[in-house]
Amino acid sequence: MSTQAHSAGLWTLAWRRLLGDRVALVSMSVVALFIGLMLASSLDIVAADWNDEIAVGYARPSLFSATAVTEQAPEPEAVSAVIPQVGAGDTAIADPAAVLKQLGLDDIKITDPLAKELDQILATTPAPEIKPREETRPFGADKWGHDVLLKVIKGSETSIFVGLAAALVATVIGTLLGAVAGYYGGWLDDLLNWFYSIFTAIPYLLLILAIAAVLDQKGMTTIVLILGLTGWTGIFRLVRAEYMKHRTREYVQAADAIGASNFSRMFRHIFPNVSHVSLVQLSVHTVGFIKSEVILSFLGFGVPVDKVSWGSMLGEAQNELILGYWWQLVAATLAMAVLVTAFSMFTDALRDALDPKIK
Amino acid sequence: MSELLSVSHLRVSFRLDKATTIEAVKGVSFTVSAGETLAIVGESGSGKSVTALAIMGLLPKENSNVAAGSSVRWQGRELLGLPNRELRTLRGSDIAMIFQDPMSSLNPLFTVGDQIAEVLVTHHEMTWKAARKRAVALLDEVGIPEPAQRAKLYPFQLSGGQQQRGMIAMAMAGEPKLLIADEPTTALDVTIQKQIIELVNTLREKRGMAVMWISHDLAVVGEIADRVIVMRHGEIRETGTVADIFTRPQDAYTQALLQCHPPLDHRPRRLAVIDDFLEGKPPAIALQREARPQVGAGETAIAPILEVRNLSKHFEFREGLFGKRLLKAVDNVSFTLPKGRTVGLVGESGSGKSTVGLTIMRLHQATAGEVLFEGKNLLTMSAREQMPYKRRIQIIFQNPYASLNPRFVVGDILLEPMRIHGIGANEREREALARTLLDKVGLPALTLRKYPHEFSGGQRQRIAIARALSLQPDVLICDESVSALDVSVQAQVLNLLQDLRDEFGMSYLFISHDLAVVKYIADQVLVMHAGEIVESAPSDDIYRNPQHAYTRNLLRAIPRGYAHKTLVAS
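Protein chains in written order, with my numbering: chain A, 2 to 360; chain B, 22 to 591.
This is how it looks when you write it as structure tokens:
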């Protein structure tokens, strides 16, 4: 008896199929690349120095329009040139001794006890090396001269984590409640539906603000909880409908007839047959939550100010766009679009791969 | 007789995916003359429906291919490759088609009258007013009572038989010269089937049109056809007049088809299966000529293993805002199942026969009554008390495509019940047991690692039987267990069920709409109608001497093929 004739286990089979599917392979590698970058950045292997102001403010992206840079560059310089002029014009304040003389207070001697030591320290330490700021970066720079590419990589940490974790929380809650409601029906279904109606009846933003106020803590966990706790409702309805459809199917009745427990029927028998719904919802919600994080950050409930996310980048881009600095927007959106497309293609392929009926 | 349709060297193939293409029709040639009824008979996968769709130009464009050299000529004009617009004109007027399931063929959002009128408006340039009037006349012609009122009803408000009549009326609207009927009575009860057959026969005589009747059921074909084509695996096995096919079948496959279905007038020990004929196995053929002795007639000495007393199951439907409607699916049903015997439960759709089985298994909650298993009432037990009894009563469902979890490999399907009930000391022992079970139902041990979809319908039903057997039950409820299977496969499964009963001494409650099947396998037959048991008799008596009017109706409606027709004629 050859092992070749056996049908392999579900996951082995799914894996083998994924490797055989070109679309799946490409999308899987893209997602893996993003997650790899995200992990690397959280371990400070890459993009640890994203906060360094290495370029001039709004340095142009060399990757997109290298030639146009030199011609349009003067504009930001002109702005910074104004500042020292203002300070130089006010000579009275610039010389404190003259002021004291004017006021008749020049006979009072002020001794600075630390002046000597300060001079010593200044003398021993080398003068801080002021690096010349770069005129261009591959993806340009932001207002303070942070490299946009590094910002995108650092931002992925927040965005991907928030998107995936919140979607996972929402999918697990939605699937569990939907399974229970759809499978048991009756008063349990009524109760959960009532609960669902309350959640959907309250305006979304209000609910988010309320939960944010209750949790009273800024940070990624808070955002994940907020999005997860509010986002399960759609998944609940879909999974519930699937369970209602499947619970009367003959294979479930047959499982009942052989004495399989309710739990086994719900999760061992029915769940693999409806898991595609949860999987697709997981992918859709990941995308949605990456976007929701933008809104939350915009409203001030998002990530703390010292962190960067694609959402906060898009928030900054709002003001920059008017001035014509489009690269931060393009960089963040591009990263988001590529990840989102790859991710939904991957979940599609995964769903197909998990279905033993599709060859 | 003038030739209407001539099909020659028709080859149709379907592309399943990039690598696999299957040839559904492999070079089929035949002709249909004006006014005749040609029947195409074959089991599933024989290519009979694909042939009809190819004639109508209704094959799915994306993945089907009609090979070069094929030809379909309508009154001398080649139809293959004709532009869609011209085909549409032809379909609306000269050739009409009716399908198996009238409910899904009719648009649920339009009234029946409007759907018929639409054909007339599109193809015959009638005004809507005139078309509606004509629609009522057509409904009257196909025998729908109060046609003017019925024309204003939506399809779901009509019964299955009336829906099919509506479909026929729609087909008649274009005054077709050829009616193609693809399994038009398969989804209907036998009594309704008889009416539809009579209707098509009357219409054909009245209008002088030709009929191409496609069916899996030779008995039906024998009642209606002038000529018969027998198809298998996309090829024509035999062509002949109905008399030749029924009295002098030349092909082994035709002979097998004629013998596979359980006969009504005698009870053979075993049913013939196709392989017997194709390989010419003499002992099996001999066995099926030998009559099975009647057992259980009048015997009361055997202790009943299962006793059903005054079982009722009522469903409540909400109607309107506050109204409620009570449906008595099962009403006051009582019977006993003696140990080692088979009780058959026969009835048409909606008679409540399946509900009886499900209620005994407690898959439905009974409204009233008792189910005594060796004297203990199953219906009042707690879930824990019921567990050992769940092992002892098992059920096999109608549809083997739906009753096996598509995500489980066969091994899991067979091992799970044993794990739950602690049969076998360890996994290895259980797997060994599963292998013997598969051997018993005639499947290779390799089956264990495969998924259900890798098997044919008959093989899947064997897997379902093996699952039920894995618990070594005392009582087996077969709920339409052979109804979804092809005749030849049905015979194999019936033989298997018989062998297993004899080997393990099980008792069967055999539920089916097919009186011939029930009569063949059961010792005692119960006839159900509208939730009640109207007659109960030993299976031979029920055929020879039916007491209740409904039973007589049921028996009369069963198609008996060609022999019956000649008998009536003479």
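Glycine included, every Cβ here is placed at the ideal spot set by N, Cα and C.
Small disclaimer: the values here were computed from a predicted structure and weren't measured.
Below-8 Å beta-carbon distance, residue i vs any chain B residue
i        : result
A:Asn194 : no
A:Ala255 : yes
A:Pro62  : no
A:Glu251 : yes
A:Gly187 : no
A:Asp353 : no
A:Ala261 : yes
A:Pro357 : yes
A:His7   : For A:His7, the predicted structure reports a pLDDT of 47, less than 50, and the residue's modelled location is therefore unreliable. The matter cannot be settled from this model.
A:Leu258 : A small correction: the amino acid at residue 258 of chain A is Ala; Leu does not occupy that position in the sequence shown. Answer yes: the Cβ-Cβ gap between A:Ala258 and chain B drops below 8 Å somewhere.
A:His277 : no
A:Asn320 : no
A:His270 : yes
A:Pro139 : no
Alpha-carbon spacing of residue i relative to residue j, whole angstroms
i        : j        : result
B:Ile76  : B:Gly66  : 17 Å
B:Thr41  : B:Glu83  : 15 Å
B:Leu576 : B:Gly443 : 46 Å
B:Thr223 : B:Val367 : 30 Å
B:Pro205 : B:Gly552 : 27 Å
A:Val100 : A:Leu106 : 9 Å
B:Val242 : B:Glu259 : 14 Å
A:Asp53  : A:Ile224 : 27 Å
A:Tyr124 : A:Glu118 : The question names Tyr, but residue 124 of chain A is Ala in the sequence shown. Cα to Cα, the separation comes out at about 10 Å.
A:Leu20  : B:Arg451 : 34 Å
A:Lys274 : B:Arg405 : Inspection of the sequence shows that residue 274 of chain A is occupied by Asn rather than by Lys. Cα to Cα, A:Asn274 sits roughly 28 Å from B:Arg405.
B:Gly181 : A:Met29  : 51 Å
B:Arg153 : B:Met230 : 24 Å
B:Asn105 : B:Ala117 : 16 Å
A:Ser43  : A:Val288 : 21 Å
B:Asp523 : B:Glu475 : 30 Å
A:Leu169 : A:Val24  : 24 Å
A:Ile271 : A:Val253 : 7 Å
A:Ile36  : A:Ile203 : 35 Å
A:Pro139 : B:Ser34  : 56 Å
B:Lys215 : B:Val377 : 27 Å
Cβ-Cβ distance between residue i and residue j below 8 Å
i        : j        : result
B:His282 : B:Val546 : no
B:Val364 : B:Leu239 : no
B:Ile420 : B:Ala505 : Rather than Ile, the amino acid found at residue 420 of chain B in this sequence is Asn. Yes, the Cβ-Cβ distance between B:Asn420 and B:Ala505 is below 8 Å.
B:Pro176 : B:Met124 : yes
A:Thr231 : A:Ile199 : no
B:Ile532 : B:Ala485 : no
B:Leu515 : B:Tyr541 : yes
A:Gly146 : A:Ile55  : yes
B:Lys198 : B:Asp296 : no
B:Ile201 : B:Ala60  : no
B:Ala489 : B:Leu459 : no
Below-8 Å beta-carbon distance, residue i vs any chain A residue
i        : result
B:Gln480 : no
B:Ser403 : no
B:Pro427 : yes
B:Pro438 : yes
B:Ile116 : no
B:Arg577 : no
B:Ala55  : no
B:Tyr529 : no
B:Lys69  : no
B:Phe338 : no
Whole-number beta carbon distance between residue j and residue i, since they are thought to touch under 8 Å
i        : j        : result
B:Gln136 : B:Ile165 : At roughly 13 Å, the Cβ-Cβ gap does not stay under 8 Å, so B:Gln136 and B:Ile165 are not in contact.
B:Leu358 : B:Ser528 : 5 Å
B:Leu25  : B:Ala55  : 5 Å
A:Leu355 : A:Ser276 : 7 Å
A:Ala261 : B:Glu437 : 7 Å
Contact between the region 170-182 of chain A and the region 338-355 of chain A (3+ Cβ pairs under 8 Å): no
I want to know whether the region 211-227 of chain A touches the region 385-397 of chain B - three or more CB-CB distances under 8 Å. no
Just checking, does the region 345-357 of chain B make contact with the region 395-414 of chain B on the three C-beta pairs under 8 Å criterion? no
Below 8 Å, how does it come out for the region 431-441 of chain B and the region 493-501 of chain B: are there three or more Cβ pairs, yes or no? no
Do the region 85-102 of chain B and the region 126-143 of chain B touch if we need at least three Cβ pairs shorter than 8 Å? no
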